[in-house]
Amino acid sequence: MLYTDIVMDHFSNPRNVGEIKDADGVGEVGNIKCGDIMKIYIKVENDVITDCKFKTFGCGSAIASSSVTTEMVMGKTIEEALELTNQDVVQQLGGLPSVKVHCSVLAEDALKVAIYNYAKKAGKEYKGLKGFEPSQLSHEH
Amino acid sequence: MKRRYLDYAATTPVKKEVLESMMPYFSEVYGNASSLHTFGQNAKEKLTESREIVANTVGAKTNEIYFTSGGSESDNWAIKSIAKLNRDKGNHIITSKIEHHAVLHTCETLEKEGFEVTYLDVDEEGYVELDVLKDAIREDTILITIMFINNEIGTIQPIKEIGAIARENNILFHTDAVQALGNVSIDVEELNIDLMSVTAHKIYGPKGIGALYVKRGVKIIPFIDGGAQERKKRAGTENIPAIVGFAKACQLAEEDLEEHVEKLSKLRDELIEKILGSIDEVKLNGPRDNRHPGNVNVAFKYIEGEALLLMLDAVGIAASSGSACTTGALEPSHVLMSIGLGHEIAHGSLRLTIGDFTEPEDIDFIVENLVRIVKTLRAMSPLYNA
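Respectively, the protein sequence lines represent chains A and B.
Per this note's numbering, numbering through the first sequence is continuous, rising by one, with the last residue being 141.
Per this note's numbering, numbering through the second sequence is continuous, rising by one, with the last residue being 527.
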């Protein structure tokens, strides 16, 4: 099989699928041309992510990357969550085939965009967001 | 878990009778067909008999059949030969946008060498339009190469008419008939074909063996220099067991053609009807009729093909998809894009190809699982608003 057991587990039984109706932050990245679109919703209380859900259009690794990311950031402070990199996602999944690594980048970016969206709305500033600009993201792979 | 194979267009299992026909030619009749002694002559006799069978299956003469390693080699050999040997006549080749990569990439290689290639658009069912073809013909056109049946969407081209147009204009006509052999009746004379590629492993024969039909009088370049095998055009000791297996597969395909087409078409139609009837926002790719008897290709909106394949595989269903993710490509299948599918639906394509070992009860199992999986993936999709 192309994927590790952990990827297959997250793909087959994805955690935290869905929308958060009254989300504090929403991030959507990717494009239809490449065949991956990832949307992450967060709920924030006292700078802590209390809920995180996702919706993803994409391949097995895109779904697994979203699922594991929602699990990894749940309960973390915003600053802690901003430290999450795509490499952490890959590691948590027990590895991804090299052609699929961009899926983990999408997950990292979708989360960052969701936090950016929250920060804008709440008028907050975070160290980890310094220099981050969603419009600069490129997901042409 | 019972595994169900729905990828016969990729390759087929070797039939028991085919395997049995091959067995004596490994360790019993193992002579080199070029040797003078009895070992060699016994092998040669079988080689000649096998070539006759393959020739008869497509209405060719024995000396018009060259054994090759398969479809890709035959395509390369045919197209490069005609291009290089007819350069004094012209520099222009016509093909279509939905050819197999063995044809498309060969044409691209020739473009780098200075040839000009016209890639014809096809209509939304995948047909090459005859008027479009006629308009593309130039004074310097030397070759038309159009596949007989499309491997992804099953469209059967009007080969006889295309061949007639080529002939009227003194242009050679090659067809990649890899998906056609064993699924439609082929007579190269009647269909105006000058060169044709076929392979064994799509008709329950072994992999690594195929043939190129070259009409008498049409010249080709030697593909491999060396010994005198294949009329000095393709050197190398013949793979007799594979050739025997190919001939047996051809013989079975010809004997069973009517029954095979009837059985497969019935299952294909049932599968298409049940999928279209039980899932919303799904499109059939390729024509409803006049398609490969075993080909079903559908596209589901809002979901991605690789995820679909993984979930099908988890319940034992082996299928394929034209999504970019399944092939590591950046773009979805060139065939699906050429028939006008948008990215959002081309990524959600699914090809299920039926064959001789598909059982009627497989159809309901596939449809039940598809309904469930499409629903699951759509529930996860940000593009879908239920």
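Yeah, the Cβ is synthetic: ideal placement off N, Cα and C, and Gly gets one too.
All of these numbers come straight from a predicted model, not from anything done at the bench.
Straight through space, the alpha carbons of B:Ser237 and A:Ala23 are spaced by roughly 50 angstroms.
Here B:Val515 has Ile420, Phe441, Ile444 as same chain residues with Cβ atoms under 7 angstroms from its own Cβ, once five neighbours each way along the sequence are excluded. Its chain contains Leu425, Arg429, Val437, Val439 as the residues whose beta carbon lies nearer than 8 angstroms to that of B:Ile413, once the 5 sequence neighbours on both sides are disregarded; these appear in chain order. Per DSSP, the unbroken alpha helix (DSSP H) holding B:Ala184 starts and ends at 179 to 198. Residue state for A:Gly30 is assigned as strand, using DSSP reduced to three classes. In terms of Cβ geometry, B:Gly267 and B:Ile294 form a close pair [threshold 8 angstroms].
As for any alpha helix (DSSP H) of minimum length 4 sitting wholly inside the stretch 267 to 345 of chain B, the runs are 271 to 277, 300 to 309, ordered along the chain.
One Cα belongs to B:Ile350, the other to B:Val159, and the distance between them is close to 13 angstroms. Counting only the Cα atoms, A:Met38 lies some 17 angstroms from A:Gln87.
For A:Pro14, the chain B residues whose Cβ falls inside 7 angstroms of its Cβ are Met521, in order along the chain. The C-beta of A:Glu71 comes no closer than 8 angstroms to any C-beta of chain B. One thing to note: B:Val269 has its Cβ within 8 angstroms of the Cβ of B:Ile287.
Under the 8 angstroms criterion on CB atoms, A:Ile37 is classed as interfacial with respect to chain B. At a C-beta separation below 9 angstroms, B:His484 has these neighbours in chain A: Asn31, Ile32, Lys33, Cys34, Gly35. Within 7 angstroms of the CB of B:Tyr443, the CB atoms of chain A belong to Phe57, in sequence order along the chain. For A:Gly60, the chain B residues whose Cβ falls inside 7 angstroms of its Cβ are Glu447, Ala448, Leu451, in order along the chain. B:Tyr260: member of the beta strand (DSSP E) spanning 257 to 261, first to last residue.
Within 7 angstroms of the CB of B:Ser464, the CB atoms of chain A belong to Gly35, in sequence order along the chain. Comparing alpha-carbon positions, the option among B:Glu379, B:Ser490, B:Asp216 lying closest to B:Ala318 turns out to be B:Asp216.
The DSSP-derived three-state label of A:Ala114 is helix.
A:Glu83 does not reach chain B, its nearest Cβ partner there being about 26 angstroms away, counting only Cβ pairs nearer than 9 angstroms. Residue B:Val339 holds the alpha-carbon nearest to the alpha-carbon of B:Trp218 among B:Lys253, B:Val339, B:Ala174. Around the C-beta of A:Phe11, 16 or more other C-beta atoms lie within 10 Å, and the residue is accordingly described as buried. Assignment of A:Cys59 by DSSP, reduced to helix, strand and coil, places it in the coil class.
Its Cα nearest to that of B:Ile384, the residue B:Ile194 stands out among B:Ile194, B:Thr282, B:Ile283, B:Leu147. The Cβ of A:Glu125 sits no closer than 8 angstroms to any Cβ of chain B. A direct Cα-to-Cα measurement between B:Glu371 and B:Phe364 gives close to 10 angstroms. Annotation for B:Gly212: no beta strand (DSSP E) segment contains it, though the alpha helix (DSSP H) segment containing it runs 212 to 226.
Going by beta carbons, B:Gln320 and B:His433 fall inside the 8 angstroms limit.
Comparing C-alpha distances from B:Ile486 to each of B:Met164, B:Gly255, B:Tyr525 shows the shortest one belongs to B:Tyr525. B:Lys221 places its beta carbon 8 angstroms or farther from that of B:Thr259.
Contact check for A:Ile40 against A:Cys52 passes: the beta carbons are separated by less than 8 angstroms. As for any beta strand (DSSP E) of minimum length 3 sitting wholly inside the stretch 398 to 481 of chain B, the runs are 423 to 425, 436 to 441, ordered along the chain.
Residue-level contact by beta carbon holds for B:His488 and chain A, with a gap shorter than 8 angstroms. Using a CB distance cut-off of 8 angstroms, A:Val105 does not count as an interface residue toward chain B. Counting along the chain, A:Asp36 sits inside the beta strand (DSSP E) bounded by residues 36 to 45.
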